[in-house]
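As structure tokens, the structure follows; a few thoughts come after it.
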Amino acid sequence: MKPLRSEDIAERLDKIRSTLTGGARLVAVSKFHPAEYIEMAHAAGQRLFGESRVQELVEKWEGLRERYPDLVWHFIGPLQTNKVKYIAPFIHMIESVTSERLLLEICRQAQRVGRTIPILLEVHVAREETKSGFSPDELRELLGRIASSPETYRGIALHGLMAMASNVDDEAVIRGEFATVHRLFDEIRSSGLLLQPDLFTELSMGMSGDYPLALREGATLVRVGSAIFGDRA
Ligand SMILES: *Cc1c(COP(=O)(O)O)cnc(C)c1O
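Per the working numbering, residue 98 is the first one in the sequence shown, and the count goes up by one each step.
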């Protein structure tokens with residue numbers, strides 16, 4: 098694979114940004130790609146990056162933090178509870194909160210380092226069983242528990258929902274799944290269950306293959322990797 102040049106990355110970022118509507122933001126997914134690509138994207142004005150492996154993220158954060166203190170990092174992948182401690186000191190948002198056990202560990206580690214960590218709860222709407230996240234009912238139950246016992250969940254701030262659509266060609270299926278998540282988001286926002294309803298504003302949906310559909314269904318964050326940085330090794 099030929100390495101990308103700054104101009105390639107800048108051009109791709111411009112193209113994607115030109116499609117963002119209604120204040121939606123781009124999370125540039127840099128996982129498996131070298132730190133140099135992050136620097137090139139930074140030069141092209143990108144600040145928000147997504148990573149999905151703890152060790153890789155920590156290495157990139159450590160290598161870039163001094164020269165690029167304005168980088169913003171979202172964790173978007175499967176997160177093992179025993180690794181939360183490594184990202185708790187600096188992570189700006191954990192989008193992929195898929196279980197109550199993980200949520201409680203984020204609370205614990207956030208309190209340990211004296212932070213409030215912004216999170217999204219991941220909803221499972223895709224057809225693939227391999228994808229993770231809360232079912233809509235599990236999500237409602239969890240929000241009920243948080244509302245009735247807020248002191249148990251200190252250390253996190255709930256900013257919204259994250260979801261992945263099925264990996265299929267049928268656009269109607271994908272749009273339907275994104276629309277389902279948006280309805281759930283609206284339902285939760287007006288449920289009276291949220292401790293800080295004003296913070297609940299983010300709907301993270303859409304990747305390289307389906308972000309235009311996600312934007313049409315109300316995404317506020319799109320997580321795009323290969324359409325910017327090329328195929329991952
Ligand atoms: C890798 C990844 C992405 C980006 O995928 P692309 O198809 O490369 O755009 C988005 N979201 C999550 C959760 C990912 O793991």
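Quick reminder that beta carbons are idealized off the backbone N, C-alpha and C, glycines included. Every value quoted in this text rests on a predicted model; they were computed, and no experiment measured them.
Taking C-beta atoms under 8 Å as the contact rule, A254 and T213 qualify, at a distance of about 5 Å. Partner residues in the beta bridge of P215, as assigned by DSSP, are A254. In the DSSP assignment, H171 falls within the beta strand (DSSP E) that extends over 169-172. Taking R209 as the centre and dropping the five residues before and after it, the same chain places the C-beta of K182, A185 closer than 8 Å to its C-beta, in chain order. V319 sits away from A330, with the two beta carbons spaced by 7 Å or more.
Annotation: R109 is outside any beta strand (DSSP E); the continuous alpha helix (DSSP H) that includes it extends over 103-114. Assigned with DSSP and collapsed to three states, R162 falls in coil, not helix or strand. H189 is positioned such that its CB atom lies closer than 7 Å to that of W170.
Here DSSP, grouped into helix, strand and coil, assigns I188 to coil. For the pair S232 and E226, the Cα-to-Cα distance works out to about 12 Å.
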